[in-house]
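Colleague: Below is a structure I'd like to ask you about.
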Amino acid sequence: SSDLGPSSPLVYKGELRVGGDGVVIGSVIGNDLHAVAVPMGVHRVRVHAEPKGAPEVVDVVLESLRPSS
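Residue 2 is where the sequence shown starts when you use the numbering used here, and the numbers rise one by one after that.
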């Protein structure tokens, strides 16, 4: 099987350092936030959004680089 991944344009690529509390995702404007358990460590992150100016769809892809012990 193939990993197709997000089809929307890439808008950010970098690293995300996660502490012990995980991450929070959602809409600050819509006051719709959700805690997500992500392991501590450094993760490669790619953010895809469509359309770029005022996205209706945002895909965030995390890949573990250096997990913390």
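Glycine is no exception: its CB is placed at the ideal position from the N, C-alpha and C atoms.
(1) In terms of residues, what are the limits of the beta strand (DSSP E) holding A50?
(2) What residue does the beta strand (DSSP E) around E16 start on, and which one ends it?
(3) Pick out whichever of V59, L34, V29 and V46 has its Cα sitting closest to the Cα of L17.
(4) In the DSSP assignment, what are the bridge partners of G27?
(5) If contacts are defined as beta-carbon pairs under 8 Å, then V19 and H44 qualify, I think. What distance do you get, rounded to the angstrom?
(6) Tell me whether S8 sits in a helix, a strand or coil according to DSSP, three-state version.
Modeller: Quick answer:
(1) Mapped onto the sequence shown, residue 50 falls at position 49. Note, A50: beta strand (DSSP E), G42 to E51.
(2) Residue mapping note: residue 16 aligns to position 15 of the sequence shown, counting from 1. It spans L11 to V19 - the beta strand (DSSP E) in which E16 sits, taken as one unbroken run.
(3) On the sequence shown, residue 17 is found 16 positions in, with the first residue counted as 1. Among V59, L34, V29 and V46, the Cα nearest to that of L17 is on V46.
(4) Counting from 1 along the sequence shown, the entry for residue 27 is found at position 26. Answer is L34.
(5) Residue mapping note: residue 19 aligns to position 18 of the sequence shown, counting from 1. Residue mapping note: residue 44 aligns to position 43 of the sequence shown, counting from 1. Right, their Cβ atoms sit about 6 Å apart.
(6) Locating residue 8 in the sequence shown gives position 7, counting from the first residue. Coil, per DSSP.
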